[in-house]
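With positions in the sequence shown counted from 1, the corresponding number in my numbering is that position plus 13.
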Amino acid sequence: MRLIDQNSPLPADALALDNAVDVLERRDEIAAARAVVLHFPKWTDGRAYSQAVLLRLRLRYAGELIAAGDVVGDMLPMLQRCGFDAAQLRADQDPAVALRTLGRFPGQYQRDAVGAQPTPYARAA
């Protein structure tokens, strides 16, 4: 997971989508985009997670997915599991603390958008 500096602009050529957009209806525009920015208006609003999973699993989008808006450090593990490549944290968040959250949960019970095996299956292999 790459963190974009809080004072840096997001990529100018990225397609920015509101979290209320039906990504399936914008598939042609998304397929042509080098990067897609999905917006979190509040950290408690998880619709951009669902958009990311649809982009990765149903549309097979292989470009960069960026989380922006009200993104807090505790969101990084789930952002990564849903297929995000990068995030721009909210201004009051410490990037070093946020990155430490990525190692906090060593296993999972469900598949994710990046192909990680659930922990019980990984142990059996």
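Positions of the beta carbon are idealized from the N, C-alpha and C atoms, including for glycine.
Boundaries of the beta strand (DSSP E) in which residue i is found, first to last residue
| i | result |
| --- | --- |
| residue 78 | 77 to 82 |
Supposed contact pair residue j and residue i - C-beta distance, whole angstroms, cut 8 angstroms
| i | j | result |
| --- | --- | --- |
| residue 50 | residue 81 | 5 angstroms |
| residue 77 | residue 48 | 4 angstroms |
| residue 111 | residue 89 | 6 angstroms |
Reduced DSSP secondary structure (H/G/I, E/B, other) of residue i
| i | result |
| --- | --- |
| residue 5 | Residue 5 falls outside the range modelled here, since the chain spans only 14 to 138, and no answer is possible. |
| residue 34 | coil |
| residue 99 | strand |
| residue 16 | strand |
| residue 61 | helix |
| residue 44 | helix |
| residue 68 | helix |
| residue 92 | helix |
Span of the alpha helix (DSSP H), counted from its first residue to its last, around residue i
| i | result |
| --- | --- |
| residue 112 | 108 to 113 |
| residue 48 | Not the alpha helix (DSSP H): residue 48 falls in the beta strand (DSSP E), residues 48 to 53. |
Nearest to residue i (by Cα), restricted to the options the options
| i | options | result |
| --- | --- | --- |
| residue 37 | 111, 18, 71 and 117 | 71 |
| residue 85 | 98, 96, 102 and 92 | 102 |
| residue 62 | 32, 113, 40 and 116 | 32 |
| residue 64 | 29, 87 and 45 | 29 |
| residue 34 | 53, 19, 18 and 114 | 53 |
| residue 17 | 114, 115 and 108 | 108 |
| residue 44 | 58, 27 and 60 | 27 |
| residue 55 | 19, 96, 83 and 97 | 83 |
| residue 24 | 42, 67 and 79 | 79 |
| residue 57 | 87, 40 and 75 | 87 |
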